[in-house]
Amino acid sequence: MIRKWKNSNQPTWTWISIAILLILFFGLGTLLIPTKQTDYPEFISKSPSPTGVKAIYTFIKNQQTQVQVWERPVEQLPSSSEQFMLLIEPNQMFNEEEQEKWIKWMERGNDLWLVAHYPEGFFDAKTNKVELNDEIPIKQIQTNEGTYKALVETNLRLVPKAGDETIFEDSTGPIAISRTYGKGELTVLLTPEWFQNKNILENDHLQLILPLLEHMNPEVVWFNDYIHGLKSKLAIIEAYPEWFIVIFAQVCLFMLLFIWSKGKRFGPVETPREWVVRFGDERIRAQAVWYQKGEFYQETLQHQMEYLRLIIQDHWGIAANTVSQDFIDLIKRRLPQSKQSQWEQNWLEIDAISSTEKVSHKQFLRCSKLIDDMRKEVQE
2 MIRKWKNSNQ
12 PTWTWISIAI
22 LLILFFGLGT
32 LLIPTKQTDY
42 PEFISKSPSP
52 TGVKAIYTFI
62 KNQQTQVQVW
72 ERPVEQLPSS
82 SEQFMLLIEP
92 NQMFNEEEQE
102 KWIKWMERGN
112 DLWLVAHYPE
122 GFFDAKTNKV
132 ELNDEIPIKQ
142 IQTNEGTYKA
152 LVETNLRLVP
162 KAGDETIFED
172 STGPIAISRT
182 YGKGELTVLL
192 TPEWFQNKNI
202 LENDHLQLIL
212 PLLEHMNPEV
222 VWFNDYIHGL
232 KSKLAIIEAY
242 PEWFIVIFAQ
252 VCLFMLLFIW
262 SKGKRFGPVE
272 TPREWVVRFG
282 DERIRAQAVW
292 YQKGEFYQET
302 LQHQMEYLRL
312 IIQDHWGIAA
322 NTVSQDFIDL
332 IKRRLPQSKQ
342 SQWEQNWLEI
352 DAISSTEKVS
362 HKQFLRCSKL
372 IDDMRKEVQE
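In the working numbering, the protein residues as written are 2 to 381.
Quick look at the structure:
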């Protein structure tokens, strides 16, 4: 009974062609479609836009200070002390519970900067609206170190409480104050524009900011991007308790295994014939029977010797087309002393028998066994 086997290569090439077309489609689409410029929010630490603060972030980092970006909620504040957190223009208010956690964090020996045009509602900060005599936003800023020029865009001025220290002020009132909480300190500053990329090198902004940082000398400087809506990739996962995450992962794994067990193959599964039947087995056996019945022992031995040469070439690196005497000399170098003479004797015997015109059945069986033993010894 002759079976008709289907060509299993055609579906494979079909899928390969589809995959190549998809790769070309998406690849050309990526190259031809212009990349949209990233729209960064204001005051983001890694934003290179004029309204970002990447310049001051990079500058501090290059001063051999450990600088990192904070993208987690207040519940996960670092527990160690001597750290500094920079909040620039938060886009939402803190509730009482959040402010209490910030205060406790400062009391442990950490410093916090709140830099905002309108800080009321944060840590009981108070402001007054002042009348400006001119429309020029460049002001003369008074500090303990002297007078500096700086951009001040707000018409609000801070109202210090008892115990607060005024750090910066102009002719109309305080622009920056500091307040002690336990071992830490809160600094409120009304000029977030100083930190922006477009303004950091203008006037004396950098000269006003850096001395304060050097005075604090923190171990880590944190730029808080969480207050601008940026969250860590793990923040969503960490919002849930561990037992819920474990159960959820187990349910997902169970559903995946269930769907897999119920999966259906579309179309027949065709196993290539060469995966089941050793390639050429029938042909080799038929040729062996034909050689034996025809008593072509000489030619058979020559084929076996050629095959043995190829095996030796693959395992020992001796070229298969080397002259017989040179070939055995090279083989002897790979053999222990005890086997060299036996190998040479067997090789010369087989070579002599296969060169005669008439090979008997007994000689054929003996030589075949010797060749098979040598092959096994090489392969082992």
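We treat Cβ as the ideally placed atom computed from N, Cα and C, and that holds for glycine.
What you are looking at is a predicted structure, and each value in this text was computed from that prediction instead of being measured.
- request: Tell me whether I21 is buried or exposed, calling it buried when 16 or more other Cβ atoms sit within 10 Å of its Cβ.
  value: It is exposed - the Cβ of I21 has fewer than 16 other Cβ atoms within 10 Å.
- prompt: When the distance is taken between beta carbons, is A151 closer than 9 Å to I139?
  reply: Cβ atoms of I139 and A151: closer than 9 Å.
field: Residue interval of the alpha helix (DSSP H) (run including I351)
entry: Per DSSP, I351 belongs to the alpha helix (DSSP H) from 338 to 356.
Endpoints, the alpha helix (DSSP H) within which T365 is located: Sequence inspection shows Phe at residue 365; the Thr mentioned does not correspond to that position. Bounds of the alpha helix (DSSP H) holding F365 are 362 to 380.
- request: Evaluate M375 with the Cβ neighbour count: other Cβ atoms within 10 Å of its Cβ, from every protein chain shown; 16 or more gives buried, anything less gives exposed.
  value: Its Cβ being crowded by 16 or more others within 10 Å, M375 is buried.
- prompt: Just how far apart, CA to CA, sit Q197 and T188?
  reply: One C-alpha to the other measures close to 18 Å.
- prompt: If we ignore side chains and look at the alpha-carbon of each, how far apart do G53 and N145 end up?
  reply: Cα-Cα distance, rounded: 29 Å.
message: Check for me: the beta strand (DSSP E) holding D330 runs from which residue to which?
response: Boundaries for D330: no beta strand (DSSP E) harbours it, while the alpha helix (DSSP H) harbouring it runs 325 to 335, taken from the DSSP string.
field: Start-to-end residues for the alpha helix (DSSP H) that takes in Q93
entry: From DSSP, Q93 is part of no alpha helix (DSSP H); its letter is neither H nor E.
- prompt: Would you call the stretch 297 to 315 and the stretch 358 to 375 touching, i.e. three or more CB-CB distances under 8 Å?
  reply: Yes, since at least three Cβ pairs between the stretch 297 to 315 and the stretch 358 to 375 fall closer than 8 Å, the two stretches touch.
- request: Return the residue from the list L157, L113, P337, E203 that minimises the CA-CA distance to E83.
  value: Among L157, L113, P337, E203, the Cα nearest to that of E83 belongs to L113.
query: Cα separation between V116 and H206?
result: Roughly 14 Å between the two C-alpha positions.
- prompt: Do you know how far the Cα of I354 is from the Cα of W344?
  reply: Each residue's Cα considered, the two are about 15 Å apart.
- prompt: If you count every other CB in all the chains shown that lies within 10 Å of the CB of N200, and 16 or more means buried, which is it?
  reply: So N200 ends up on the buried side.
- prompt: Near I351, what residues of its chain come up, given a Cβ to Cβ distance below 8 Å and the 5 sequence neighbours on each side ignored?
  reply: The answer, listed in chain order, is L302, M306, C368, L371, I372.
- request: Compute the beta-carbon to beta-carbon distance between Y58 and F224, rounded to the nearest angstrom, for a pair I have assumed lies under 8 Å.
  value: Y58 to F224, Cβ: 6 Å. Contact.
- prompt: Under a Cβ-count criterion, where at least 16 other Cβ atoms within 10 Å of its own Cβ denotes burial, should V324 be classed as buried or exposed?
  reply: Exposed is the call here.
field: Integer Cβ distance of D171 from Q141, believed to fall under 8 Å
entry: Right, their Cβ atoms sit about 6 Å apart.
- request: With DSSP as the reference, label T59 as helix, strand or coil.
  value: In this structure, T59 counts as helix in the three-state DSSP scheme.
field: Extent of the continuous beta strand (DSSP E) run through D171
entry: Taken as a continuous stretch (DSSP letters only), the beta strand (DSSP E) holding D171 covers 166 to 171.
Bridge-paired residues (DSSP) for S179: S179 pairs with E166, T188.
query: CB E220 to CB S81, shorter than 9 Å?
result: Yes, Cβ-Cβ distance for E220 and S81 is below 9 Å.
Host alpha helix (DSSP H) of I142 (start-end): That residue, I142, is in no alpha helix (DSSP H); its beta strand (DSSP E) goes 139 to 144.
- request: Within its chain, find whatever has a CB closer than 6 Å to the CB of R180; leave out the 5 residues flanking it on each side and keep chain order.
  value: D165, L187.
- request: Check T52 in the structure and name its three-state DSSP category.
  value: Here T52 sits in coil by DSSP.
Extent of the continuous alpha helix (DSSP H) run through W317: Taken as a continuous stretch (DSSP letters only), the alpha helix (DSSP H) holding W317 covers 298 to 317.
Integer Cβ distance of F44 from E90, believed to fall under 8 Å: Rounded to the nearest angstrom, the Cβ distance from F44 to E90 is 5 Å, consistent with a contact under 8 Å.
message: Is it buried or exposed, W317, if we count other Cβ atoms within 10 angstroms and call 16 or more buried?
response: Exposed is the call here.
message: Under DSSP, the beta strand (DSSP E) around Q69 begins and ends at which residues?
response: Start and end: 67 to 71.
message: Just to confirm before moving on: does the CB-CB distance between L157 and Y119 stay below 9 Å?
response: In contact: L157 and Y119 (Cβ atoms closer than 9 Å).
- prompt: Would DSSP call K294 helix, strand or coil?
  reply: In the structure shown, K294 sits in a helix (DSSP, three-state: H, G or I).
query: Should N111 be labelled buried (16 or more other beta-carbon atoms within 10 Å of its own) or exposed?
result: Buried is the call here.
In DSSP terms, what Q84 is bridged to: By DSSP's assignment, Q84 forms a beta bridge with V221.
- request: Report all residues from its chain with a CB closer than 8 Å to the CB of Y182; omit the five preceding and five following residues, and keep chain order.
  value: The beta carbon of Y182 sits closer than 8 Å to the beta carbons of I104, M107, E108 from its chain, once the five residues preceding and following it are set aside; these are given in chain order.
- prompt: Does the beta-carbon of S262 have 16 or more other beta-carbons within 10 angstroms, so that it is buried, or is it exposed?
  reply: The residue in question, S262, is exposed, as its Cβ has fewer than 16 Cβ neighbours within 10 Å.
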